[in-house]
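Data block below; observations after.
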Amino acid sequence: MRRGKRMLENLDQEIRNHIERETQDNIERGLPPEEARYAAIRKFGNVTRVQEETREVWTLVWLEQLVQDIRFGLRMLRKSPGFTTVAAGILALAIGANTAIFSAVYAILLRPLPYANPQQLVVVFGANLREGVKETGIPYLDFDELRAQNHVFSETAATAGHSLTLTGAGDPAEVKTEVVTPEYFSLLDVKPLLGRTFLSEDGRRGAAPVVMLSENLWRDRLGADPRILGESITLDKRPFTVVGVMPGTFRSPVFIEDPRDIWIPMAQDPLFGGLMTLRNRPGFGVLARLRPGTPSAQAQAEMDAIAARLAKEWPEEDSGWTIGVVPLQKEIAGNVKTALLVLLGSVGTVLLIACVNIANLFLTRATTRAREMGIRVALGAGRNRIVRQLLTESVVLGLVGGTLGVLLAYGGVRELSSLLPSGFPRVQDIRIDGWVLGFALLLSVGAGTVFGVAPGFFAAGPDVQASLKEGSSHSGEGGVQRRARNLLVVAEVALAMVLLVAAGLLIRSFATLTSVNPGFDADHLLKAEVSLPQFEYSTPQQWTAFSNELLTRIQAEPGMQNSAIAVPLPLADGTVNLGFEIEGNPVVRPGTSRTADYVAVSPGYFRVMQIPLLRGRLFSEQDAMPAPRVTLISEALARLYFPNQDPIGKRMTFGFPPKGKTWREIVGIVGDVRDVSLHQEPGPMMYVPYAQAPFWGAVVVARTTLSTSSAASTIRQDVRSIDKDLPVTDVESMIDALSASVAQPRFGMFLLSLFGALALILAAAGIFGVISYSVSSRTREVGIRVALGAARGEILQLILSESAKLVLLGLALGIGGAFALGRFLRSLLFEVRPTDPLTFAAVAILLALVTLAAAYVPARRAMRVDPMVALRHE
Amino acid sequence: MSTKEQKERIELLQGTLDLLILRTLLLGPTHGHAIAKAIEFRSEDVLQVEQGSLYPALHRLIKRRWITAEDGTSENNRRAKFYRLTARGRRQLTAETSKWNKLAGAIARILRPAE
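Note that the protein sequences, when read in sequence, are chains A and B. Going by the numbering used here, the first residue of the first sequence is number 1022, and it counts up by one from there. Going by the numbering used here, the first residue of the second sequence is number 9, and it counts up by one from there.
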């Protein structure tokens, strides 16, 4: 560039000399001096243009013009602050919302997992399509064989999650534990903050018990003391040596929702250690790392072969079971992918509506700026140059809106992260980073282009002569512009319709979901979990004694008489699904699996939960250990497995306890309960007396009028009076637990309703703007009509019918669109079809009312036009 | 310049003008006006350069380092910018000339009246 500057230095002088010489030549040829000079200049051509073109050789012209256009664009935006504020505000909202949602989509669906070579990581799962099991764990012994026999994985690890009791460091506490085979950390290739991860020796039976801590537990409970390495902590009353601390950012990638406090080798775990010699299901979650360059399909083929071999070798346990391989990232995103994409689509629609709105504003401005453009064209600006200038203006506006939007998005991301239901994957990864900012930039420029193109197209179009001649500041707009404007309104209404239908469907679905009867009465019900350290409380007799004692004490408290014990508690606790057999072995109907959810309860449970007894009798205190074993079955189990017969008096056996068959007599049938989730139909369930099938922990349920906190402290006191080292966790009202179980649909509904409301407001604003403009440009026409005797009502009707036509057209298109797109919502809906006529009708009426109300305001203004003023107006 | 005149003379393509400048400078360094004159003279006025368009072309050639510019004194003792062909420009001229000749030959063969 510096060379260019030097070269251009004496260009003016050179050109002058050139013309001088030519003039001299001409004089020598005999021309009079005046004419000689004129001829020389003519022959040289346009001096200014030559200078410009010569300079252009050395400069990046487009860059200079761009800077010029940006400056001009900014000046134009400053000159009309109202327009700029409205447009930038709308854009900021829309781009902010899009950026925030995209940050979640990016973090959860797109960003590579934070492990080395994440594309090699896969989840290995068990499935049995015959039994309708799509994805479950792998029994430990099968995992063992799979690990030894495969040639496709460089490493495999099994994992499971539960809680242990930490004592000796402050109050006794339940610590969330992940039980892993030692390869787990090296498979993920993660490094500890302190110390080391597990070695393969740590996984052997009989090895010294070791534990790894999370940074949070280490800081909160152990004072962040680095000397903790080599010390021991007490878990379930048993010492574990601390070998390492994992950084706070580490999260178990899959299978486990909440962050863990500690990790221990599977062989050391009181519960899962015992399952390592079994081929029982559901088994363990299995992670694997593919050997470099091994395609997932090859791994799948080998797993098919191994599963076939296992089924042959262990027909009783493994026949019908297959082993599947799925990329880890896909597994993690699986549950929430649809919801996220629907959200992204919706928020994108909001942006589209915003763009349409701003395009409309630009179009209005372009009409009033037709004169300016006319002058520019007359002065020699090319059509491309004008379009480029207008585009620059709108892109500048887009960038201003985008910048504000990104600022909003920072707040939005925080809000979003706190709004996300617990258990949402990778929430900690949601943040605004380069990729997200890039997306926001793309949106800003894209939006600027979209709403800049329409007016740019029309602005350069009008006939220069006409726009200059018309002269008035309110040059009337041509048919093309009016049609364009109307088209935009129609588009806006249609988009809003699609979005509102989606929101409406989710709202209706959520309402249906929360009004569904879970099978018990959740009002005034609360629950508290107590878990017993299994090293200390190791026998069923101890478990029974503890729970009897606890229940007696709790029931003695005022206001707490109505309490019971259950393991596990439906909806709040997860389920235990077990296979069973019926004596006499009636034929199983094809397509139904012979499994049922299993709950151990104290006799008062059904009364406390208000689950109705349909036939037979409930459990009593006499149904304890030496007495004959009994069971209650749910209505669904009776219907499915005892069609047309009386189940009472028949005997069943369950897969629990794992060893030996215990026949239990069916003594009654109770009502169905939705135990898995509110949106899942109640499946078959079987109940046993807690006293005949105790467990190392229990959930206390109480129907009480006491507040949750006072009931909680009562229960805590009672537990502590039995054993001061026992923690009580998760005291919450059943209503809250139910509400937490629908957190994900609520989240989707909330955001989609928010976007729907935004769309509604934007569409109303759009209609308002267009009709206002139309009214003001028709003031004269209206004045004439009134002067000629048109009734005020007729004027109102005229304007409103114009709006109604647009709205109806938009609604029709929107209904079509919502119909076509509804199938994407199907998996998110509960007992509501994507084409639900009620929702469609309600949304259409709402949208029509709101938009017509928006049109009514300017229409009334038209009605009030004073013909004298209007006629004088132009 | 009227429309009629334009039709009778041949407007120069950019590349052609570059070629002509290089060819002119092969005879020795000279200033802008002399280059314009030389082109007009050697083409017997058939090739009409709007003289001004010479300057952007000259700067394009400088930028490509096919010619250089230096200050000097002209025949009538006036200061002027002299343009000189560089070795690179000479090579370029050779290449372009042979290309041009081939093209011209080909066009001539195509346009030759049928015999």
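All residues carry an ideal CB built from backbone N, CA and C; glycine is no exception. These numbers come from a predicted model, not from an experiment.
- The beta carbon of glutamine 1631(A) lies closer than 7 Å to those of Phe1541, Asp1542 in the same chain, with the five residues before and after it left out.
- Taking CB atoms only, arginine 1050(A) has no neighbour in chain B less than 9 Å away.
- Scanning the region 1264-1349 of chain A for uninterrupted alpha helix (DSSP H) segments of 4 residues or longer gives 1317-1334, 1336-1339, listed from N- to C-terminal end.
- Around the beta carbon of proline 1102(A), fewer than 16 other beta carbons lie within 10 angstroms, which makes this residue exposed.
- At a cut-off of 9 Å between beta-carbon atoms, glutamate 1035(A) makes contact with chain B.
- Beta-bridge analysis with DSSP links proline 1260(A) to Thr1255(A).
- Within chain B, the residues placing a beta-carbon under 9 Å from that of asparagine 1038(A) are His39, Gly40, His41, Ser82, Arg86, Arg87, Ala88, Lys89, ordered along the chain.
- For arginine 68(B), the neighbours in chain A by C-beta distance under 7 Å run, in chain order, Val1078.
- Neighbours of glutamate 58(B) in chain A, taken as residues whose beta carbon is under 8 Å from its own, are Lys1064, Phe1065, Gly1066 in chain order.
- Any Cβ of chain A closer than 9 Å to the Cβ of lysine 71(B) would place that residue at the interface, and such an atom is present.
- In this structure, the CA atom of leucine 1256(A) is about 45 Å from the CA atom of leucine 1527(A).
- Between phenylalanine 90(B) and glycine 97(B) the beta-carbon gap is near 14 Å, outside 8 Å, which marks them as no contact.
- With three or more CB-CB distances shorter than 8 Å, the region 1321-1341 of chain A counts as touching the region 1171-1183 of chain A.
- Boundaries of the beta strand (DSSP E) harbouring lysine 1155(A): 1154-1157, taken from the DSSP string.
- Taking CB atoms only, serine 106(B) has no neighbour in chain A less than 9 Å away.
- Bridge pairing for alanine 1118(A): absent [DSSP].
- In this structure, the CA atom of aspartate 1618(A) is about 28 Å from the CA atom of methionine 1581(A).
- Distance from the Cα of lysine 1100(A) is smallest, within the candidate group Lys1548(A), Thr1424(A), Pro1260(A), Arg1390(A), for Arg1390(A).
- Using a CB distance cut-off of 9 Å, asparagine 1047(A) does not count as an interface residue toward chain B.
- Taking the C-beta atoms as reference points, valine 1551(A) is found no nearer than 9 Å to proline 1710(A).
- Secondary structure note for proline 64(B): its alpha helix (DSSP H) is the uninterrupted segment 62-71.
- One Cα belongs to methionine 1287(A), the other to methionine 1297(A), and the distance between them is close to 8 Å.
- Flagged as an interface residue toward chain B: arginine 1070(A), by a C-beta distance shorter than 9 Å.
- Per DSSP, reduced to three states, the secondary structure at threonine 94(B) is coil, with no helix or strand assignment.
- When the alpha-carbon of isoleucine 1062(A) is set against those of Trp1079(A), Leu1052(A), Glu1077(A), Arg1037(A), the nearest one is in Arg1037(A).
- In chain order, Val1371, Leu1372, Ala1375 place their CB closer than 6 Å to the CB of alanine 1115(A), counting only its own chain and leaving out the 5 sequence neighbours on each side.
- Non-local beta-carbon contacts of leucine 1162(A) in its own chain, meaning distances under 6 Å to residues more than five positions away in sequence, involve Arg1300 in chain order.
- From the beta-carbon of arginine 1435(A), no residue of chain B is found nearer than 8 Å; the closest lies around 53 Å away.
- Within a 10 Å sphere around the beta-carbon of threonine 1188(A) sit 16 or more other beta-carbons, which makes this residue buried.
- Contacts with chain A at 9 Å (Cβ-Cβ) include alanine 44(B).
- DSSP places isoleucine 1396(A) in the uninterrupted alpha helix (DSSP H) bounded by 1391-1399.
- In this chain, the beta strand (DSSP E) harbouring tyrosine 1619(A) covers 1616-1622.
- Among the CB atoms of chain B, none fall inside 9 Å of the CB of threonine 1106(A).
- Around the beta carbon of asparagine 1119(A), 16 or more other beta carbons sit within 10 angstroms, so the residue counts as buried.
- Counted as a single uninterrupted DSSP element, the beta strand (DSSP E) harbouring methionine 1673(A) occupies residues 1672-1675.
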